[in-house]
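Everything on this sheet refers to the single structure shown next.
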Ligand code: ASP
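Residue numbers (our numbering): -18 to 586.
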């Protein structure tokens, strides 16, 4: 039954025909999207990535072609030659752009038959996701996926064009390299020619892009795949794409302007206008006002309401008077039922002994004065939900290594607990507060992060960003004496509560880089064996430099209004890091393992 293209050439896309094409002879090629057989007339919707056109096969007009059309089934690939005709007024389909016309067929070629697929691209109820991923080629034929992949292309192209117009070069960096410093687990590639040695897939091109600055390519970017072997969540993939850039001699503001420029272009390509410059916020303020380093500005900030209670109230409520009392307000939620309040309790993740008062009515009943003040101070309307997050009497030990920070660890615990609750409530009551409108984009730069975080388990300081991030000049002398107080020249760009990317001004002096390694507890030998080549490169005339990397998948996911990264990555992996279509990963043959000098031992569980 196979037929061949022969001398046919597609003249039109299926979604492009309009009333103005009436009378034209055209050749369409595409898939059979739907077939309705009315006997003397057979209607076939032919689909390609641009849309569908209705084709009519009339027995009266051409019985041989009509007969052939009876053989057509869903997803057959066909070529049709015919004449574009205006539809009768009563058969116009307003739901599709080609709805005013149809193609009356004179010739039909079946280019390929198709097995009946496990689901159809036009199905309105979606197959389960495993099925979609196994038959990804069918899934990708669906309108929504075609839209997402096209969007991804347009966004990437707009970013490339913008950066090129600003003098950036796109430069490739190796995938087979050595362990890079982002702090996740590496994917390893065994070397056959050097048995027992391994390449690592890059977690990011961090060191290469810094080397490119040393090499004189003072504006670099790359839309690049990165690989991190982490436990997966809905918004993580083992391989993902970053918009990675680096420039020489920048102040942070230059990096921010560049990012704002390419995001403006990217969002425009998706039909959205965004406002620049983005607001900026210190890490400490983000924590105090939102309890998180990636605040969602669509919801109101916290209000500190300790002073709304009298000392006696605080004591009676067993609230720690030395710690913040945080009012979290979610507008328009209305009064909660008993059951809703009960559901809310397990949503609270308490850090450092933080407690929640989820029943504001009770506070209003017993501490009327305080409650009125809280409503006033937080600007709460009558329908707004207020929960209080407070420290318990026992929280707040003061011998923590970060005790001298502006936000002490005990305060941080309260703010962080409140911040998580705010986000959870915002999601749960999205329908009620109505503040998560599509196309409403609240960008933010968060800056001045602490340079180090204290690892409670290992009892040592670790780099909060990566170890190539420069400290603030005026904090240099505290690197060893008071690491808690060192601020980093690091910044994150945040959109609606999602971290889109992070970056920093880098260390460009070898002596400082050594100091940082030392402050992180790395011995000279360790530093040398991991990053020796880089330390050496720093000694050959390194310009000051800085950069950033943003997740392309996330940006497209937000623009597509998708729920998961898998909706915007053509061939994604499952939460178990599997590709269900090609069935990877798989065992390999003994011969392959022998070649690589690798023996597989069963993992003890
Ligand atoms: N390499 C960093 C990352 O992937 C980004 C940067 O600092 O430019 O997070």
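In this text, a Cβ means the ideal position worked out from N, Cα and C, and glycines have one as well.
All figures in this text were calculated on a predicted structure; none of them were measured in a lab.
Beta bridge counterpart(s) of residue i as assigned by DSSP
{"i": "residue 207", "result": "221"}
{"i": "residue 366", "result": "311"}
{"i": "residue 12", "result": "28 and 58"}
{"i": "residue 93", "result": "58"}
{"i": "residue 431", "result": "468"}
{"i": "residue 473", "result": "427 and 483"}
{"i": "residue 269", "result": "Paired residue(s): none; residue 269 is not in a bridge."}
{"i": "residue 82", "result": "67"}
{"i": "residue 452", "result": "469"}
{"i": "residue 6", "result": "64"}
{"i": "residue 35", "result": "26"}
{"i": "residue 300", "result": "373"}
{"i": "residue 284", "result": "308"}
{"i": "residue 446", "result": "Residue 446 is not bridged to any residue."}
{"i": "residue 228", "result": "200 and 527"}
{"i": "residue 151", "result": "202"}
{"i": "residue 181", "result": "158 and 169"}
{"i": "residue 517", "result": "Paired residue(s): none; residue 517 is not in a bridge."}
{"i": "residue 532", "result": "223"}
{"i": "residue 262", "result": "427"}
{"i": "residue 565", "result": "560"}
Check: residue i C-beta below 7 Å from any heavy atom of the ligand ASP
{"i": "residue 598", "result": "Within the shown structure, residues of the chain are numbered from -18 to 586, placing residue 598 beyond reach of any answer."}
{"i": "residue 484", "result": "yes"}
{"i": "residue 530", "result": "yes"}
{"i": "residue 160", "result": "no"}
{"i": "residue 185", "result": "yes"}
{"i": "residue 548", "result": "no"}
{"i": "residue 414", "result": "no"}
{"i": "residue 163", "result": "yes"}
{"i": "residue 223", "result": "yes"}
{"i": "residue 447", "result": "yes"}
Residue i burial status per 10 Å Cβ neighbour count (16 or more: buried)
{"i": "residue -1", "result": "exposed"}
{"i": "residue -18", "result": "Unreliable positioning characterises residue -18 in this predicted model, as indicated by a pLDDT of 44, which lies under 50. The coordinate reading is nonetheless provided below. Answer is exposed; the Cβ neighbour count stays below 16."}
{"i": "residue 201", "result": "buried"}
{"i": "residue 334", "result": "buried"}
{"i": "residue 472", "result": "buried"}
{"i": "residue 351", "result": "buried"}
{"i": "residue 219", "result": "buried"}
{"i": "residue 105", "result": "exposed"}
{"i": "residue 81", "result": "buried"}
{"i": "residue 573", "result": "exposed"}
{"i": "residue 205", "result": "buried"}
{"i": "residue 437", "result": "exposed"}
{"i": "residue 451", "result": "buried"}
{"i": "residue 19", "result": "exposed"}
{"i": "residue 538", "result": "buried"}
{"i": "residue 521", "result": "exposed"}
Within-8 Å CB hit, residue i to chain D
{"i": "residue 260", "result": "Judged by its chain identifiers, the structure shown contains no chain D, having just a single protein chain."}
Task: Meets three-Cβ-pair contact criterion under 8 Å: the region 34 to 54 and the region 15 to 23 - done: yes
Open item on the list: Closer than 8 Å is the cut-off here; do at least three beta carbon pairs connect the region 437 to 446 with the region 398 to 410?
Closed with: Inter-segment contact for the region 437 to 446 and the region 398 to 410 is absent: fewer than three beta-carbon pairs are separated by less than 8 Å.
TODO: Report yes or no: do the region 483 to 496 and the region 525 to 532 share at least 3 C-beta pairs separated by less than 8 Å?
DONE: yes
TODO: Could you tell me whether the region 266 to 275 touches the region 337 to 350, using the rule of 3 or more Cβ pairs below 8 Å?
DONE: no
TODO: Examine the Cβ distances between the region 171 to 178 and the region 140 to 154 and report whether three or more of them are shorter than 8 Å.
DONE: no
Task: Three CB pairs or more closer than 8 Å across the region 111 to 121 and the region 82 to 97 - done: no
Open item on the list: Below 8 Å, how does it come out for the region 548 to 561 and the region 124 to 134: are there three or more Cβ pairs, yes or no?
Closed with: yes
Open item on the list: Below 8 Å, how does it come out for the region 425 to 437 and the region 459 to 471: are there three or more Cβ pairs, yes or no?
Closed with: These segments touch.
Open item on the list: When you compare the region 302 to 313 with the region 277 to 294, are there three or more beta-carbon pairs, one atom per stretch, that lie closer than 8 Å?
Closed with: yes
Open item on the list: Across the region 257 to 267 and the region 152 to 166, are there enough close Cβ pairs to call them in contact, namely three or more that are closer than 8 Å?
Closed with: Two segments are said to touch when three or more pairs of C-beta atoms, one from each, lie closer than 8 Å; by this definition the region 257 to 267 does not touch the region 152 to 166.
- [ ] Indicate whether the contact test is met: 3 or more Cβ pairs, each with one atom in the region 564 to 571 and one in the region 274 to 282, closer than 8 Å.
- [x] no
Open item on the list: Using 8 Å as the cut-off, can you tell me whether the region 314 to 330 makes contact with the region 404 to 421, which would need three or more C-beta pairs spanning the two stretches below that distance?
Closed with: yes
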